[in-house]
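Participant:
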Amino acid sequence: MKMALATNRGGLEDMVSPTFGRTPTFTIVEVDEGKIKRVEVIENTFANAFGGAGIRAAELIANKGAKVAIAGNFGPNVFMVFSQAGIEAFVAHGITVKEAVEKYLRGELQRFSPGAGFVGGRGMGMGKRMRAFYAPPSPTTPPTTPASSINLEERISRLEKDIAEIKKMIKELKEK
1342 MKMALATNRG GLEDMVSPTF GRTPTFTIVE VDEGKIKRVE VIENTFANAF
1392 GGAGIRAAEL IANKGAKVAI AGNFGPNVFM VFSQAGIEAF VAHGITVKEA
1442 VEKYLRGELQ RFSPGAGFVG GRGMGMGKRM RAFYAPPSPT TPPTTPASSI
1492 NLEERISRLE KDIAEIKKMI KELKEK
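Position in the sequence shown (from 1) plus 1341 gives the number in the numbering used here.
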């Protein structure tokens, strides 16, 4: 099974990116019998697209044969592509690619599903056909670990790591 994880530089030691569609790279991890067999890093050529970056990124990983996508967050429009390609989305914050894969294999990652009210994109006018997309309210899938095991301090730590990673990305972009 192939998994696509949103990453900044790529590889097993890179942190999972807080964004999906505009992430710089995807780390494609092939898992067989619960073990990592192959790792490939691909550039997200749509990260700087004017509009539709999420849809195009979803198509990119679908074409790579991924059946699982892992990122910090997903835009609403990727789910039409995910649905057609049979890709499941999961959320991971403040952990490495390797840790995210291991947590997925243990059933510890929370499934991501779009909430109600995603009626359009960012208003750039590029996705007019997408306006009809509406996700009806659905019960959110609870994490497979008890909520009580994830304490407030751990959540704060994860958010601080995400913020640090975003600040680092901003600094790198300013230096270019």
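Where a beta carbon is used, it is the ideal one built from N, C-alpha and C, also for glycine.
Fully enclosed by the segment 1403 to 1457, which beta strand (DSSP E) runs are 3 residues long or longer?
Facilitator: 1407 to 1412 and 1429 to 1432
Participant: Please classify residue 1404 as buried or exposed, where buried requires at least 16 other C-beta atoms within 10 Å of its C-beta.
Facilitator: By 1-based counting over the sequence shown, the position of residue 1404 is 63. So residue 1404 ends up on the exposed side.
Participant: So, at 7 Å on beta carbons, what are the nonlocal neighbours of residue 1499 in its own chain, with the 5 sequence-adjacent residues on each side left out?
Facilitator: Reading the sequence shown from its first residue, position 158 is the one you call residue 1499. Contacts found: 1434 and 1435.
Participant: Opposite residue 1345 in the DSSP bridges: which residues?
Facilitator: Working through the sequence shown from its first residue, we reach residue 1345 at position 4. 1369 and 1410, per the DSSP bridge assignment.
Participant: Mapping the DSSP letters down to three states, classify residue 1466 as helix, strand or coil.
Facilitator: Looking up residue 1466 in the sequence shown gives position 125. Because the pLDDT of residue 1466 is 43, which lies under 50, any placement of that residue in the model is unreliable, and the question is left without a value.
Participant: Since I believe residue 1382 is in contact with residue 1352 (beta carbons under 8 Å), could you give me their beta-carbon distance rounded to a whole number of angstroms?
Facilitator: Residue mapping note: residue 1352 aligns to position 11 of the sequence shown, counting from 1. Residue mapping note: residue 1382 aligns to position 41 of the sequence shown, counting from 1. Indeed, because the Cβ distance is near 6 Å, the residues count as touching under 8 Å.
Participant: Quickly, what does DSSP pair residue 1379 with across the bridge? List them, please.
Facilitator: Within the sequence shown, numbered from 1, the residue matching residue 1379 stands at position 38. DSSP lists 1371 as partners of residue 1379.
Participant: From the DSSP output, in three-state form, read off residue 1354 for me.
Facilitator: As a first step, residue 1354 must be located in the sequence shown, where it is residue number 13. Residue 1354 falls in the coil class under three-state DSSP.
Participant: Check whether the segment 1366 to 1381 and the segment 1422 to 1431 touch, using three or more Cβ-Cβ pairs below 8 Å as the test.
Facilitator: no
Participant: Assuming residue 1387 contacts residue 1401 (C-beta within less than 8 Å), just tell me the rounded distance between them.
Facilitator: To locate residue 1387, count along the sequence shown from 1; it is residue 46. To locate residue 1401, count along the sequence shown from 1; it is residue 60. Confirmed, Cβ separation roughly 7 Å.
Participant: By Cβ distance below 6 Å, which residues in the same chain neighbour residue 1502 in space, the five residues on each side in sequence not counted?
Facilitator: By one-based count along the sequence shown, residue 1502 stands at place 161. Here the set comprises 1435.
Participant: Between residue 1373 and the ligand GTP, is there a pair consisting of the residue's CB and a ligand heavy atom that are separated by less than 8 Å?
Facilitator: As presented, the structure is devoid of all ligands, the ligand GTP included, so that no description of it is given.
Participant: For residue 1450, tell me which candidate among 1421, 1423 and 1414 has the shortest Cα-Cα distance.
Facilitator: Here residue 1450 is taken as the residue at index 109 of the sequence shown, counted from 1. Minimum Cα distance to residue 1450 is reached at 1414.
Participant: Based on Cα-Cα distance, which residue from 1418, 1374 and 1443 lies nearest to residue 1346?
Facilitator: Position 5 of the sequence shown holds residue 1346. Looking only at 1418, 1374 and 1443, the smallest Cα-Cα distance to residue 1346 is reached by 1443.
Participant: So which of 1423, 1384 and 1376 has the shortest CA-CA distance to residue 1396?
Facilitator: Stepping through the sequence shown from its first residue, residue 1396 is reached at position 55. For residue 1396, the nearest C-alpha among the options comes from 1423.
Participant: Go through its chain and collect everything with a Cβ distance to residue 1375's Cβ below 8 Å, but skip five positions before and after it.
Facilitator: Within the sequence shown, numbered from 1, the residue matching residue 1375 stands at position 34. Once the five neighbours on either side are set aside, the close Cβ partners of residue 1375 are 1446.
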